[in-house]
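For reference, the structure discussed in these notes is given below.
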Amino acid sequence: MASRAARQLWTPRGSGEIIRFTQTGSVSRMSPPCHTSALLLVFVALAVAGAEQSEERSCDVVGDESSESQTERALLKKLEPLSHMRFNVTVEKGKTENYVYNFRVCREVNSTSHDFGGLVQTDRQNGKTTVIGRINETQVFNGTCIVSLLAGDWIMLIYKGGDSYGRHCSGEKRRAVIMISCKRGVTASSFSIISEEREKEQECFYLFEMDSSVACPAENSHLSVGSILLITFVSLIAVYIIGGFLYQRLIVGAKGMEQIPHFAFWQDLGNLVADGCDFVCRSKPQNAPAAYRGVGDDQLGEESEERDDHLLPM
Ligand SMILES: *[C@@H]1O[C@H](CO)[C@@H](O)[C@H](O)[C@H]1NC(C)=O
Ligand SMILES: *[C@@H]1O[C@H](CO)[C@@H](O)[C@H](O)[C@H]1NC(C)=O
Ligand SMILES: *[C@@H]1O[C@H](CO)[C@@H](O)[C@H](O)[C@H]1NC(C)=O
Ligand SMILES: *[C@@H]1O[C@H](CO)[C@@H](O)[C@H](O)[C@H]1NC(C)=O
């Protein structure tokens, strides 16, 4: 427990606390040994606070802290916005099965029970609860689905170490597999159970799925900023045209082409642009002699000097 709490100190939040402490003048002005012991005190205080606050317990990936993969940490960080939410799904099969599955992302479903249960099944007939998976034995990975046109990126969250199966699955511990599919614009939705695989010898699991935008790749959110700008720009133009049109028609009382807002200005601009294009893009002068029209490129190349002579003032 103490080691877990100490580990939590190294989360960005914990280290932020420590930096704030060292930055207050009174602490940093102390002599080095005193400084160290003060820091230690802070550590212990935070560790105790962390242990007391069961709410702060989060996902702990399988394996030692040193061997925890950076990818898993990155993914858990991505899932963090969902951690305050609760999900449930009810399963009713005939008269015998009536279960509710409660799920939280990287938090305990029931923080007073201190059992690390992240996905808990409750039998609605007798109120008996069974932990399907625990957040202290988390595994997480992501991927992209390229076979299907509809499905895109996904994150797979696995809680292991649940309560043991009775006679099924050689009595191994239950595990919950939650597939989070990318769906833009939704924080989290449609949590549902796909299957309960327990007629196997081992490696049984409960499979759930849900949609969330946290599973989507980050790059495309920048793209959506671009499209928001584009939409704003287009809307402003539309407002200008429609508003201007109404103003010209209803207040100024203009008719025909005059109803276009700033008609004279746009006409001038159009002329300017046309002149500019004419000047820059036209391959031969407008008043080129008719004799040179429709001549092949090869001939033009040879006679270009001669043609230019025509343009010179005599
Ligand atoms: C399940 O969640 C819904 C809202 O998402 C809530 O109204 C309902 O009471 C919950 N049921 C259980 C059994 O927790
Ligand atoms: C949470 O766990 C405690 C202790 O095990 C239990 O008394 C309580 O009923 C549980 N709460 C819910 C909502 O299941
Ligand atoms: C996770 O928590 C449960 C219940 O407290 C415990 O039995 C189990 O050993 C823990 N697993 C790990 C890997 O710490
Ligand atoms: C998985 O997540 C990591 C970290 O967020 C990301 O860099 C990587 O591109 C993702 N991989 C896939 C296949 O989506």
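Residue numbers (the UniProt record's numbering): 1 to 314.
Quick reminder that beta carbons are idealized off the backbone N, C-alpha and C, glycines included.
Between the alpha carbons of A264 and G226, how many angstroms are there, rounded?
In the sequence shown, the residue the question calls residue 264 occupies position 264. In the sequence shown, the residue the question calls residue 226 occupies position 226. Between A264 and G226, the C-alpha separation is close to 33 Å.
Let's test the definition: count the other Cβ atoms within 10 Å of the Cβ of M257 and tell me whether it reaches 16, buried, or not, exposed.
The sequence position of residue 257 within the sequence shown is 257, counting from 1. The residue in question, M257, is exposed, as its Cβ has fewer than 16 Cβ neighbours within 10 Å.
Express the C-alpha separation of S235 and I228 in angstroms, rounding to a whole number.
In the sequence shown, counting from the first residue as 1, residue 228 sits at position 228. In the sequence shown, counting from the first residue as 1, residue 235 sits at position 235. One C-alpha to the other measures close to 10 Å.
What separation, rounded to the nearest whole angstrom, lies between the Cα atoms of G166 and R174?
As a first step, residue 166 is located in the sequence shown; it is residue number 166 there, counting from the start. As a first step, residue 174 is located in the sequence shown; it is residue number 174 there, counting from the start. Spanning the two alpha carbons is a distance of roughly 10 Å.
Output the boundary residues of the alpha helix (DSSP H) element that contains G118.
The residue you call residue 118 lines up with position 118 of the sequence shown. Per DSSP, G118 belongs to no alpha helix (DSSP H); it is in the beta strand (DSSP E), 117-123.
State buried or exposed for R184, treating a residue as buried only when at least 16 other CB atoms are found within 10 Å of its CB.
Walking along the sequence shown from the start, residue 184 turns up at place 184. Looking at its Cβ environment, which holds fewer than 16 other Cβ atoms inside 10 Å, R184 is exposed.
Count the other C-beta atoms from every protein chain shown that fall within 10 angstroms of the C-beta of S164, then say buried if there are 16 or more, exposed otherwise.
One-based indexing of the sequence shown puts residue 164 at position 164. Result: exposed.
Indicate whether R107 and F87 have their beta-carbon atoms separated by less than 9 Å.
Sequence index remark: in the sequence shown, residue 107 carries index 107 (1-based). Sequence index remark: in the sequence shown, residue 87 carries index 87 (1-based). Taking 9 Å as the Cβ cut-off, R107 and F87 do not qualify as a contacting pair.
Identify the residues that DSSP records as bridge partners of M85: which are they?
Within the sequence shown, residue 85 is the residue found at index 85, counting from 1. None; M85 has no bridge partner.
In whole angstroms, what separates the C-alpha of E137 from that of V61?
Reading the sequence shown from its first residue, position 137 is the one you call residue 137. Reading the sequence shown from its first residue, position 61 is the one you call residue 61. Taking the straight line joining both Cα atoms gives about 6 Å.
Are I132 and L75 touching if we call contact CB-CB under 9 Å?
Here residue 132 is taken as the residue at index 132 of the sequence shown, counted from 1. Here residue 75 is taken as the residue at index 75 of the sequence shown, counted from 1. Cβ atoms of I132 and L75: not closer than 9 Å.
Label E52 either buried or exposed according to how many other C-beta atoms from any shown protein chain fall within 10 Å of its C-beta, with 16 as the threshold for buried.
The residue labelled residue 52 in the question sits at position 52 within the sequence shown. Residue confidence is low: E52 scores 45 on pLDDT, short of 50, so the model does not pin down where it sits. Its coordinate-derived value is still stated next. By the 10 Å Cβ count, E52 comes out exposed.
Can you check the region 191-217 for any beta strand (DSSP E) of at least 3 residues that lies completely inside it and give the ranges in chain order?
Whole beta strand (DSSP E) segments, 3+ residues: 205-212.
For N136, is the beta carbon positioned less than 8 Å from some heavy atom of ligand 3?
The residue you call residue 136 lines up with position 136 of the sequence shown. Because some heavy atom of ligand 3 lies under 8 Å away, the Cβ of N136 counts as near it: yes.
Short of 7 Å in beta carbon distance, which residues of its chain neighbour R194, apart from the five on each side in sequence? Order them along the chain.
The residue given as residue 194 occupies position 194 in the sequence shown. For the sequence presented, residue 194 should be read as Ile rather than Arg. Answer for I194: L207, F208, E209, listed in chain order.
Where G270 and I231 are concerned, what is the direct C-alpha to C-alpha distance, given to the nearest angstrom?
Taking the first residue of the sequence shown as position 1, residue 270 is located at position 270. Taking the first residue of the sequence shown as position 1, residue 231 is located at position 231. Looking at the two C-alpha atoms, the distance is approximately 25 Å.
Examine ligand 2 and report whether any of its heavy atoms sits within less than 8 Å of the Cβ of N98.
Working through the sequence shown from its first residue, we reach residue 98 at position 98. No.
Where D211 and V109 are concerned, what is the direct C-alpha to C-alpha distance, given to the nearest angstrom?
Position 211 of the sequence shown, counting from 1, holds the residue named residue 211. Position 109 of the sequence shown, counting from 1, holds the residue named residue 109. Those two C-alpha atoms are separated by around 20 Å.
In whole angstroms, what separates the C-alpha of Y99 from that of T122?
Against the sequence shown, residue 99 aligns to sequence position 99. Against the sequence shown, residue 122 aligns to sequence position 122. If I take the Cα positions, the gap works out to 6 Å.
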